[in-house]
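First the structure, in the form of structure tokens, and then the observations on it.
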Amino acid sequence: MTNPIILIARKESGELLLSGRGITWLLALSIVMSVLSLLLVSNTELSLLDNASVVYMVMGTVTALGSLLAVVLGTDAIAGERERGSLWPLLLAPVTPSQIVLGKMGGQTAGWIVMYLLSLPYVWAVGSSGQNLAQAVIYLALFATPVVLGFGFFCIGLSARVHHVRTALLTGLITLMLLASPLLLGPSLRQSGIGKLFDAVNPFSAALNTFDSVVIDSQTLAVQSSRLVVTLVWLVTTALFAMRSMRKIKI
Amino acid sequence: MLIEIQGLKLDLDGKSVLRDVNLTMEKGQIYGLLGPNGAGKSSNISLITGLRQPTAGLIRVLGLDPAKESLGLHRRIGVLAEQAGFYDWMAAVAYMHWFARLYGIQLSAKEISLALDQVGLDAGNQSAISSYSRGMLQRLGLARALLHRPELLILDEPTNGLDPRGRRDIHDVLLDLANNHNVGILLCTHLLDDVDRLCSRIGIIAQGHTVLEGSLADLLGIRAAAQRYRLRVTANAVPAILPSEITLLSQSGNWWHVEIAGNARPEEAWRVLFDTDFPVEEIHREGGGLEDLYLSVTQVDREAK
């Protein structure tokens, strides 16, 4: 007998890889990555950007696009099923709410793995001529994974608590933009007290600052431990939020 | 007893959704749960299936408390909700396999084929569920609800979107389940023809409470004692001047739906009516069937509200 968590996770992954909606998303992400990589490689060839900066930019973009995909998949996980009428049969099957949410989280994880694998050729394309390709691949897996999955789990929780996909999607996107806002802040603002505090607790900043430190400044993992803790706290907190939300699911 | 509900009450967001709902249902019975839109039928189903907890009252389904023993209950009931949703990128056979495994059942291709065939779907159809018509989706929903051989089947508008032959096919499946396999069926529908053909017992919910419950034969027998008519009146007719023997049930334009009290003789009632020069142009006798029963009890409740 297959565990329901695995069955639901398989179904979620299948939806991403086999449904028109999922394939369209993956195709769109590939196109964005192709265009970005082409521009960055051209800039490197023209000596406008050094190789390390280009790799850093690709890592940041993969994290941002992965988070965006996680927000879309997460908000659709419960609220989307509710709107399409497929949530009732799932809730009326002999499966606990915790198993459903763990299965959905499994689907999110599979989605991120696909996205990560999809990004590797692009990381290779821009980083193969430099010294930091291996770090890029490892640190992307280590730091982007909790950030991206955290967004997905947060949105699963949101979608269990609200009636409509639109509400959950809007809230998820606003949260993503808020946490990604350090990218838009100028250096002086980031050096202010509030900017530093925001950077210290923001999982998105933690991942990007790590990429910067490791790829551009060639620092070691030991220096990044506090940032790793921030991303892991984000992952655990959002996972607990999703589990708790499922118990208060709106039907 | 399959379902026993007494004095059920449900409040949601501070609003009373259900108050004093009563329902009793035995094995092998087809029970028709009727009521106008928004009467509380879907809320009632969510309580019976354990998706919500009641505010007050007793509810036992298959001897279990749905709110506390929902997992055990879900193994033994099959539900077709009004909005039957599927993973529309899958083919029906793959979907049925996936769903069966969710119940811990490993079905062979032949068993899936039989399950689909039972509701008139072709197991050889490999197209995605997204290409299915409304009627095909209803059939697939019924096949899904029957997949694990439930003791109790809860169906919300199961014949919606079906053509007359499709409806008859589904009727035959339901009658076979109830008569030959002792499956209890709780049928929520607006189609009184379905109830007339299938149900042995009915309950009518209006404004969140049970206004009538009992065996269909008994209830129609009681109603046969009353006498209902349709009157065509002129525009200046006023309900207040109707004789006391005649009760106005509803009106639609110039057509009035009235009832003559069981102890009064119709010819006497008409004589009083004509003596008062009541502006009536036509009088038609009504059948006194389920539709009249439904309309009269829901109308009375609406007026009382």
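One line per chain: the protein sequences are A and B, in this order. Quick note on numbering: this note's numbering labels position 239 of the first sequence as 239, and the sequence is numbered without any gaps. Count along the second sequence from 1, add 251, and you get the number used in this note's numbering. By construction, the Cβ of each residue, glycine as well, lies at the ideal position given by its N, Cα and C atoms. Computed from a predicted structure; not experimentally measured.
By the 16-neighbour rule on beta-carbons within 10 angstroms, A/V201 is exposed. Among the residues facing chain B, A/P121 is not included, as its CB has no counterpart in that chain under 7 Å away. At a cut-off of 7 Å between beta carbons, B/T300 contacts chain A. Residue pairing of A/M177 in beta bridges, as defined by DSSP: absent, with no partner found. Here B/I254 is near B/L274, since their CB atoms are less than 7 Å apart. Following the DSSP letters along the chain, one finds B/S451 in no beta strand (DSSP E), marked with neither H nor E.
Using a Cβ-Cβ distance cut-off of 8 Å, the region 296–313 of chain B and the region 327–339 of chain B are in contact, since at least three pairs of beta carbons, one from each stretch, lie closer than that value. A/T145 counts as buried, since no fewer than 16 other beta carbons sit within 10 angstroms of its beta carbon.
When only Cα atoms are considered, A/M105 and B/P401 end up about 30 Å apart. Comparing alpha carbon positions, the residue from A/T44, A/W124, A/E45, A/F204 closest to A/L142 is A/F204.
Residues of the region 341–369 of chain B with a C-beta less than 7 Å from any C-beta of chain A: W349, R352, L353, Y354, G355, listed in chain order.
For the region 85–97 of chain A, the residues whose beta carbon sits under 9 Å from a beta carbon of chain B are, in order, G85, S86, L87, W88, P89, L90, L91, L92, A93, P94, V95, T96. Cβ-Cβ distances below 7 Å link B/D368 to A374 in the same chain, with the five nearest sequence neighbours on each side left out; the list follows chain order.
The beta-carbon of A/L16 is placed no less than 7 Å from the nearest beta-carbon of chain B. Scanning its chain for C-beta atoms nearer than 8 Å, with the 5 sequence neighbours on each side dropped, one finds around B/V370 the residues R390, L391, L393, A394, L397, D420, I421, V424, in chain order.
Annotation: the continuous beta strand (DSSP E) that includes B/E464 extends over 460–466. For A/V147 and A/C155, the gap between their C-alpha atoms comes out near 13 Å. In the structure shown, the three-state DSSP call for A/V72 is helix. Between B/V484 and B/W507 a beta carbon distance of about 6 Å is seen, short of the 8 Å cut, so the two are scored as contacting. The Cβ of B/G435 sits no closer than 7 Å to any Cβ of chain A. Below the 8 Å Cβ cutoff, chain A contributes E81, R84, G85, S86, L87, W88, P89 as neighbours of B/G336, in chain order. In this structure B/V489 does not touch B/I497 by the C-beta definition: roughly 13 Å separates them, more than the 8 Å allowed. Boundaries of the alpha helix (DSSP H) harbouring B/W521: 517–526, taken from the DSSP string. When the Cα atoms are used, A/P89 and B/N505 turn out to be separated by approximately 47 Å. Assigned with DSSP and collapsed to three states, B/R400 falls in coil, not helix or strand.
From the beta-carbon of B/L322, the residues of chain A found nearer than 7 Å are P94, T96.
Interface with chain A (7 Å Cβ-Cβ cutoff): B/A332 is included. The distance from the Cβ of B/I511 to that of B/Q478 is about 4 Å, consistent with a contact at the 8 Å cut-off. Between the alpha carbons of A/A168 and A/G80 lies a distance of about 10 Å. Among the residues of chain A, those whose CB is under 7 Å from the CB of B/H325 are L92, A93, P94, following chain order. Contact between A/G74 and A/Q108 holds: CB atoms are separated by about 6 Å, below the 8 Å threshold.
Between A/L7 and chain B, the shortest Cβ-Cβ separation is below 7 Å. Under DSSP, the beta-bridge partners assigned to B/R479 are B/E510. Using a C-beta cut-off of 8 Å, the region 442–461 of chain B makes contact with the region 271–291 of chain B, since at least three inter-stretch Cβ pairs fall below that distance. Residue contact with chain B for A/P4: present (Cβ-Cβ distance below 7 Å to some residue of chain B).
Spatial neighbours of B/L388 in its own chain (CB-CB distance under 8 Å, excluding positions within 5 residues in sequence) are listed in chain order as A335, F337, I380, G412.
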